[in-house]
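Undergrad: Every letter in the first sequence is one number past the one before it in numbering that gives the first Met the number 0, and letter 51, counting from 1, is 50.
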Amino acid sequence: MRIISWNVNSVRLRVDNLARLASEWQPDVVCIQEVKAEAKDFPFEALKAIGFEHIHLRGMKGYNGVAVLSRLPLQKPGGENWCGKEDSRHAMVRLPGGIELHNFYIPAGGDIPDPDANDKFAHKLGFLDEATTWFAEGRRNGRKMILLGDLNIAPLETDVWSHKELLNVVSHTAIEVEKLKQLQASAKWVDAVRKIVPPAERLYSWWSYRAADWSASDRGRRLDHVWVTPALAGAVTGARVLKEARGWKMPSDHAPVIVDFS
DNA sequence: ATGGTGGCTTTGCCA
Numbered sequence: 000m001r002i003i004s005w006n007v008n009s010v011r012l013r014v015d016n017l018a019r020l021a022s023e024w025q026p027d028v029v030c031i032q033e034v035k036a037e038a039k040d041f042p043f044e045a046l047k048a049i050g051f052e053h054i055h056l057r058g059m060k061g062y063n064g065v066a067v068l069s070r071l072p073l074q075k076p077g078g079e080n081w082c083g084k085e086d087s088r089h090a091m092v093r094l095p096g097g098i099e100l101h102n103f104y105i106p107a108g109g110d111i112p113d114p115d116a117n118d119k120f121a122h123k124l125g126f127l128d129e130a131t132t133w134f135a136e137g138r139r140n141g142r143k144m145i146l147l148g149d150l151n152i153a154p155l156e157t158d159v160w161s162h163k164e165l166l167n168v169v170s171h172t173a174i175e176v177e178k179l180k181q182l183q184a185s186a187k188w189v190d191a192v193r194k195i196v197p198p199a200e201r202l203y204s205w206w207s208y209r210a211a212d213w214s215a216s217d218r219g220r221r222l223d224h225v226w227v228t229p230a231l232a233g234a235v236t237g238a239r240v241l242k243e244a245r246g247w248k249m250p251s252d253h254a255p256v257i258v259d260f261s
């Protein structure tokens, strides 16, 4: 089984890119973030024609939004609201084999890394705390689960182009890395990508649009993640970031993260 | 220290 996580930055503008991804990489499930469309504007028919007959959308107009696109039947479609907001940042489904899949779009957090001065940063930290508590409640112990998406945090020094220059930049601050670690501990999540790509190796999944040449400067960050519970960790057979997709026509600023399971 | 681009609820706001 091949599962991909991809922040598409508008699903309506990325249908061709999703078709290319499906054709060239044959994923079974693609979890997208920043859909930026509500149901009435979502390209269900075009995506079904690509081969994703089963779609679970949690969308809203203009902002955020997550969806699970699948060749396989999806059970128990749902998703939580977090921090008292209905802002479409979480979709959950059950995959064949009883695997519980959680697709997240964690708040980016604004520019100033201070929760007192910046409500968006406070929201990001609060979201991480709530998700940590939710998974830690224990009712999900031992389950085969996948948590993936745009988590908007690059935790390792090798997950950013310059650890030193990004220490005070939202996405790589100590408080965010600590909160992400707490979320990771909440269900003993294993970073499936770093299980395959050694932590010493640099790896990014996002490159800003605001670069004259994103590839030449290569100032990336690994904001997109795929985690699995211990019951699934042994089934992970491969993982990579499809960097080339950042260079496709009409690209998202994020690249797809691909994980294979036996 | 600054500003750069892209997408949308578009001429401001979010990333």
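Every residue gets a Cβ at the ideal spot worked out from N, C-alpha and C, and that includes glycine.
1) Let's test the definition: count the other Cβ atoms within 10 Å of the Cβ of S170 and tell me whether it reaches 16, buried, or not, exposed.
2) How would you label A184, buried or exposed, when you count the other beta carbons within 10 angstroms and need 16 or more for buried?
3) I want to know whether the stretch 153-165 touches the stretch 118-138 - three or more CB-CB distances under 8 Å.
4) Do you know offhand how far K119's Cα is from E23's?
5) Specify the secondary structure class of N102 as computed by DSSP and reduced to three states.
6) Nearest to V67 by CA position, among G108, S161, M91, L231, is which residue?
7) Can you tell me whether F51 is buried or exposed? The criterion is at least 16 other CB atoms within 10 Å of its CB, across all chains shown.
8) Given this structure, state the Cα-to-Cα distance separating P95 from I111, to the nearest angstrom.
9) List in chain order: all unbroken beta strand (DSSP E) runs of 3+ residues lying wholly within the stretch 18-60.
10) Based on Cα-Cα distance, which residue from V29, A45, H101, P42 lies nearest to L71?
11) Considering only C-alpha positions, which residue in the set P76, A199, N117 is nearest to I98?
12) Let me know if P229 comes out buried or exposed under the rule of 16 or more other beta-carbons within 10 Å of its beta-carbon.
13) Which value, in whole angstroms, describes the spacing of the CA atoms of S9 and D259?
14) Excluding the 5 residues preceding and the 5 following D252 in the sequence, name in chain order all residues of the same chain whose CB lies nearer than 7 Å to its CB.
15) Tell me whether A90 sits in a helix, a strand or coil according to DSSP, three-state version.
16) Among H162, A191, A121, which one has its Cα closest to the Cα of G262?
17) Could you give the distance in angstroms between the alpha-carbon of G64 and the alpha-carbon of N102?
18) Given F43, which residues of its chain have a CB within under 7 Å of its CB, disregarding the five upstream and five downstream residues?
19) Nearest by alpha-carbon distance to R19: which of W247, E37, A238 is it?
20) Using a threshold of 8 Å, state whether the C-beta atoms of S69 and D27 are closer than that.
21) Can you tell me the Cα-Cα spacing of V189 and W226, whole angstroms?
22) Is the separation between the beta-carbon of Y104 and that of R88 shorter than 8 Å?
23) Under the three-state reduction of DSSP, which class applies to I257: helix, strand or coil?
24) Are the beta-carbon atoms belonging to C82 and G137 less than 8 Å from one another?
25) With distances taken from CA atoms, which of N167, A211, P106, R220 is nearest W160?
26) What does the Cβ neighbour count give for P106, buried or exposed, with the cut at 16 atoms within 10 Å?
TA: A quick look at the data gives this:
1) buried
2) exposed
3) no
4) 37 Å
5) strand
6) M91
7) buried
8) 42 Å
9) 28-32, 53-57
10) V29
11) P76
12) exposed
13) 25 Å
14) N8, W205, W206, S207, Y208
15) strand
16) The displayed coordinates of the chain run from 0 to 261. Any statement about residue 262 would go beyond what the structure contains.
17) 10 Å
18) I54
19) W247
20) yes
21) 5 Å
22) yes
23) strand
24) no
25) R220
26) buried
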